[in-house]
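See below for the structure under consideration.
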Amino acid sequence: MIHSAFRPSDDACVYPFLIPANLFAVVSLRQLAEIHAAVLSDQKFAGECRALAQEVLQAVNAYGRVMLKRNGVVYAYEVDGFGNQLLMDDANVPSLLSLPYLGCCAANDPVYRRTRALILSADNPYFFKGRAGEGIGGPHVGLNMIWPLGIIMRALTSTDDKEIVYCLRLLKNTHAGTGFMHEAFDKDDPRKFTRSWFAWANTIFGELILKLHKERQWLL
């Protein structure tokens, strides 16, 4: 696998192998191989990219998944390759929640579905639920802070109309009257938020609306 010192949030990793980042690397390496094979006619480098992608994927399957008695086989967030795993998710992308969005797996993949159920529950130490709503946060801005980015990604990766509508209502009710997506908001009071302008969340929110307008217009 590929070593990561920091997460997408800029927080330091606990264990050096960040599983969502490694799975995203597999997708990117295969895309790089396609470019070099089809556009640049460099079959040698394309083959090297494919070989590395396969090596990383095999390592993730061997060391990045864990069997839980209650959940079955799920992806860990981080591992060290020696049997230690960190079971959690962070709202920043790449994340475990975002795997189908990134092209790492299908939305109905059994391991992903079990992982999704785990990270959207109290078993994820950074899944917060309060009077204002529920969602995934992360250690970057502290406990009890829900990230709209996580709610948006939950909707983008959902195949359930009811879940998507639930996410849209959460987003509509937690922007504190500003009309914009924030970095994070307090689980009990959305008026307590970080970043009045967060381009990443606003941009991906726009992507969600365009996707729904194209594929599930009735939800809007």
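Following our numbering, the numbering of the sequence shown begins with 26 at its first residue and continues without gaps.
Beta carbons: idealized from backbone N, C-alpha and C, even for Gly.
Could you check if ILE60 is buried or exposed, using at least 16 other CB atoms within 10 Å of its CB as the buried criterion? exposed
Tell me where the beta strand (DSSP E) around LYS154 begins and ends. 152–154
By DSSP, does ALA209 sit in helix, in strand, or in coil? strand
First and last residue of the beta strand (DSSP E) that includes MET113? MET113 -> no beta strand (DSSP E), and no H or E assigned at all.
If you count every other CB in all the chains shown that lies within 10 Å of the CB of GLU240, and 16 or more means buried, which is it? exposed
As assigned by DSSP and simplified to three states, the class of TYR100: strand
Should PRO125 go down as buried or exposed, given a rule of 16 or more other Cβ atoms within 10 Å for buried? buried
Identify the continuous beta strand (DSSP E) that holds GLY175 and give its terminal residues. Note, GLY175: premise wrong, no beta strand (DSSP E); alpha helix (DSSP H) at 173–181.
By alpha-carbon positions, which one of PHE230, PHE205, ASN47, ALA71 ends up nearest to LEU57? ALA71
Among LEU181, THR219, GLY167, nearest to THR199 - alpha-carbon criterion: THR219
On the DSSP bridge list, what partners appear for GLU240? Per DSSP, none; premise fails for GLU240.
Compare the Cα-Cα distances from CYS130 to each of ILE44, ILE161, TRP243, GLY106 and report the closest residue. ILE44
Count the other C-beta atoms from every protein chain shown that fall within 10 angstroms of the C-beta of ALA63, then say buried if there are 16 or more, exposed otherwise. exposed
Run through DSSP, which three-state label would GLY162 get? coil
Since ARG90 sits in a beta bridge, which residues does DSSP pair it with? TYR100
Of all the options ALA116, GLU232, ASN227, which has the alpha carbon lying nearest to the alpha carbon of PHE205? ASN227
Span of the alpha helix (DSSP H) holding CYS192? 186–198
Have a look at LYS154, ASP186, ARG194, ARG139 and flag the residue whose alpha-carbon is nearest the alpha-carbon of ASP213. LYS154
Kindly indicate which three-state DSSP category GLY54 falls into: helix, strand or coil? Per the sequence presented here, residue 54 reads as Leu, with Gly not at that position. Three-state DSSP puts LEU54 in a helix.
Check whether ASP211 and MET170 have beta carbons under 9 Å apart: yes
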